[in-house]
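Undergrad:
Numbering (our numbering), first residue to last: 230 to 697.
#1: Per DSSP, residue 476 forms a beta bridge with which residues?
#2: Counting only C-beta atoms, is residue 524 closer than 9 Å to chain C at any point?
#3: Less than 9 Å separating the beta-carbons of residue 754 and residue 652?
#4: Would you tell me roughly how many angstroms separate the C-alpha atoms of residue 344 and residue 513, rounded to the nearest one?
#5: Mind the definition here: the stretch 407 to 427 touches the stretch 462 to 472 only if three or more C-beta pairs lie below 8 Å; say whether that holds.
#6: I'd like the span of the beta strand (DSSP E) that includes residue 611, first residue to last.
#7: Rounded to a whole number of angstroms, what is the C-alpha to C-alpha distance between residue 520 and residue 647?
#8: Residue 408 bridges to which residues according to DSSP?
#9: Quick one: using the 10 Å Cβ neighbour count with 16 as the cut-off for buried, is residue 538 buried or exposed?
#10: For residue 265, count the other beta carbons within 10 Å of its own beta carbon; 16 or more makes it buried, fewer makes it exposed. Which is it?
#11: When you compare only the Cα positions, how much space is there between residue 498 and residue 664?
#12: Count the other CB atoms within 10 Å of the CB of residue 558; is the residue buried (16 or more) or exposed (fewer)?
#13: Do you know whose CA, among 626, 658, 280, lies nearest residue 403's CA?
#14: If you reduce the DSSP assignment to three classes, tell me which class residue 545 lands in.
#15: Given that a residue counts as buried once 16 or more other Cβ atoms are within 10 Å of its Cβ, and exposed if not, what is residue 350?
#16: Determine, using beta carbons only, whether residue 400 and residue 411 come nearer to each other than 9 Å.
#17: Determine whether the beta carbon atoms of residue 516 and residue 596 lie at a separation below 9 Å.
#18: Based on the DSSP output, what are the partners of residue 489 in its beta bridges?
#19: Output needed for residue 691: all residues of its chain with C-beta closer than 8 Å, excluding positions within five of it in sequence on either side, in chain order.
#20: Can you tell me where the alpha helix (DSSP H) holding residue 304 begins and where it ends?
#21: With distances taken between CB atoms, is the gap from residue 256 to residue 408 smaller than 9 Å?
#22: So, helix, strand or coil for residue 577, using DSSP?
#23: Looking at the secondary structure, which residues open and close the alpha helix (DSSP H) in which residue 388 lies?
#24: By the 10 Å Cβ neighbour count, where 16 or more other Cβ atoms means buried, how is residue 620 classified, buried or exposed?
#25: Report the partner residues of residue 571 according to the DSSP bridge assignment.
#26: In chain order, what residues of the same chain have a beta carbon less than 6 Å from the beta carbon of residue 552, not counting five sequence neighbours either side?
#27: Name the residue from 355, 302, 361 whose alpha carbon lies nearest to the alpha carbon of residue 325.
#28: Would you mind sorting residue 330 into buried or exposed? The rule is 16 or more other CB atoms within 10 Å of its CB.
#29: Once the 5 residues before and after residue 666 are set aside, which same chain residues still bring their CB inside 7 Å of it?
#30: How many Å lie between residue 658 and residue 615 at the Cα?
#31: If we count the other Cβ atoms within 10 Å of its Cβ and call it buried at 16 or more, is residue 327 buried or exposed?
#32: With distances taken Cα to Cα, identify the nearest neighbour of residue 321 among 333, 359, 422, 348.
#33: Residue 543 to residue 483, Cα distance in whole Å?
#34: How far does the alpha helix (DSSP H) with residue 644 in it extend, from its first residue to its last?
#35: In terms of DSSP beta bridges, what is residue 463 paired with?
#36: Going straight from the alpha carbon of residue 261 to that of residue 607, what length do you get?
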C-alpha cells in the first residue's frame, strides 16, 4: 500500500467449545492484519470467573505457548489492536474485564465511538473511574452502571446501552452464561457468526471462521445483537434505524482477500475495481503491476479487462517487520526499498500500469515511482482503487487530519506531478458502488458524507477539533 493508513482492530469469540482460549488464540492469528500493536484473550474458567491475558506485540509474542485448560475453558473472546483512540500502553489493550457484584464480564470492540467524550464526561460525573484512555472501555463501563439496577446482562439491557453509543462498533461481550455479538446500526464495521461443532464463533472477518473450520452462518446485521448460549443462537434488534453503510476501506484495504463481507468476497470486489478502473481510465501499456498486497487482486482485474499481461514485477519482503529499525540514514530514507523489490528484467523499457489501493501523503508513492524508474521503466501510469482521500475518519481508520491527505489540498494533476507519474487516475465513487453492488457504503473519507452525527467534533483543515 502506498500509504500509512493503519489497520483497525479485530475481534473473535467462541462459546460452548472445549479449549476455547486456545481456539481464540489460533483464530486471532488470521486477524493479525487488523492490528499488530497489542492483543489479548479473556476466558471463563470452570467456576465462571473471567480471566484475561494481554500484552503489547504480535500474538506469537504475547501468547508464545498454547493455552492448556484440558477442555475446561469453553468460552473466550480475543482482540488484536491498532490504536486509533487513546495511547499505546498495555492498559489500552483489550479485552477489558469488568468485575461486578452481579458477575464478571469482558468486552472487545472494533471501531470508534463518536460520542465517546460526551459519554465519558457523563460517566465521570457519576463517579466512574476509567483504567484506560481508550473509547472501547466506555460501553463496558456504561453497562456496569445499568447493571447496578439489574440482576444480570440481558439483550434488553444491552439494547438500552447500545442505543446510547454512537459510531462504529463490532462489539463482543462475554459473561459466564453467554457470548453477545453486537454491530452498530450503520453496519460500519464487519462482524460474522458461525458454528463450530456444538458451539458458536463470532469474528470480524470470515477468514478467521474458515481457518478454524467453522461454518459461517451469516453477518450480524446492523443494529442487531446475536446471543450465543445454551439456548442456541438468538437474534435481537436494538435499533430500528438500520443501514448497510459498510466502510469502503474494508473492501479496498483492511480485510483479507479470502474474507466475505455482506455477501461479497473481498478478492472479487478488488478484482472488479481493476476492471472498472480500466473502463474509466484506460491507457496504453506493456505490463500491469499490482502493488502488494491489496493492489494485486485489482491488477488481475485490470489485466483481464485490458488484455495487457500482468507480471509480479514488485516482490514484497515478508521478513521486514513494521518495527524494523534500519541501521543507516540511507536505508531509513528509502524504506520502500526494504519492503518492495522491483524486478528489473521485467520492468526495463516497459510502459507500466501500476495498481495500488490509495494515496495518503504521496511520499511513499513518490518513492515507489522513483524506484521503478531507477529499474528502467519507460512510463508509469498510476491507477488507484479508491477515490482521492480528502477527509478525516471518525470510525476507526487512522486518518485524523486533512493536513496529512495530499488530495485534500491538491488536484489529481497536482498529485500526479508530485508523485512523478506519467498519468494518475482514481476510481470513481460510482465505480466503488458498482464493485460492491451497494449504494450505501460509507465514503465519508472521500466525499465528507458522514453517516453519524459528529457531536463535539468539527471538520477543519487541521482535522479533529472541539466545537465551542
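Note that the Cβ used here is the ideal one computed from N, Cα and C, for glycine as well.
TA: Straight from the coordinates:
#1: 671
#2: Judged by its chain identifiers, the structure shown contains no chain C, having just a single protein chain.
#3: With the chain running from 230 to 697 in the structure shown, residue 754 is simply not present.
#4: 49 Å
#5: yes
#6: 608 to 613
#7: 19 Å
#8: 403, 457
#9: exposed
#10: buried
#11: 5 Å
#12: Only weak support exists for where residue 558 lies, its pLDDT of 44 falling under 50; the coordinates are left without a value.
#13: 280
#14: strand
#15: exposed
#16: yes
#17: no
#18: 494
#19: Residue confidence is low: residue 691 scores 37 on pLDDT, short of 50, so the model does not pin down where it sits. No coordinate-derived value is stated.
#20: First-last for residue 304: 304 to 310, but that is the beta strand (DSSP E), not the alpha helix (DSSP H).
#21: no
#22: coil
#23: 384 to 391
#24: buried
#25: 543
#26: Note on residue 552: pLDDT 37, under 50, position unreliable in the model; no value is reported.
#27: 361
#28: exposed
#29: 493
#30: 8 Å
#31: buried
#32: 359
#33: 20 Å
#34: 641 to 648
#35: 456
#36: 38 Å
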